[in-house]
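Read the structure below first, then the notes.
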Amino acid sequence: MNAKTITLKKKSKTKWIVLSTACILAFIFMIRMAFYIPYLVEGSSMGPTLKDSERMLVDKAAKYTGGFHRGDIIVIHDEKSGRSFIKRLIGLPGDSIIMKDDQLYINGKKVDEPYLKEHKQEMQASGENLTSDFEADVPAGKYFVMGDNRLNSVDSRNGMGMPSDEDIIGTESLVFYPFSEIRVVK
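Numbering (the UniProt record's numbering), first residue to last: 1 to 186.
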């Protein structure tokens, strides 16, 4: 083998490595885009958990890889208005929900809502409840959702209704903008 043959083999190997790496990265990017979509938070109904104008990634695959769970933050598409909304999943199909004296009960069991702790304390300090009392039964195939900013949220209690599987786009996975606020939200 002469020096020219060795140089050509090295160049060929380098090209192959670069091309393979580019293909792998393109494949990963396409998979990501197929399962994750960006979403702009509009309004204050999920405050203080999510703030107006934050941008986040929505995991569309959650719908097919284990479903939705109580406490998930989900993005819902409303067919009537053509808009999408972000809310917290509170009740699953078949659940019986009671809110009494700012305490959530699902199927007769007390449910902790740690994401509301600070907000509840502020309201209770002024002698008010964060969430008005109500009762609801979730029909088969439907979900009960509420915004974390309970005093300023249109949700399953007051006008939005209960979304179905088909209405849910996915679950919130990560706030990515503004860069100073990057975080996984629970």
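We treat Cβ as the ideally placed atom computed from N, Cα and C, and that holds for glycine. These numbers come from a predicted model, not from an experiment.
- If you check the CB distance, Val75 and Gly170 come in under 8 Å.
- Taking C-beta separations shorter than 7 Å and ignoring five residues to either side along the sequence, the partners of Ile98 in its chain run Tyr105, Glu135, following chain order.
- The three-state reading of DSSP puts Ile182 in coil, since its state is none of H, G, I, E or B.
- Annotation for His119: the continuous alpha helix (DSSP H) segment containing it runs 117-125.
- For Val175 and Asp167, the gap between their C-alpha atoms comes out near 22 Å.
- Taking the Cα of Phe35 as reference, the smallest distance to any Cα among Ser12, Ile28, Ala61, Cys23 is reached at Ala61.
- The beta-carbon distance between Gly71 and Arg88, rounded to whole angstroms, is 7 Å. This is short enough to meet the 8 Å contact definition.
- Using a Cβ distance threshold of 8 Å, Glu172 and Ile73 count as a contacting pair.
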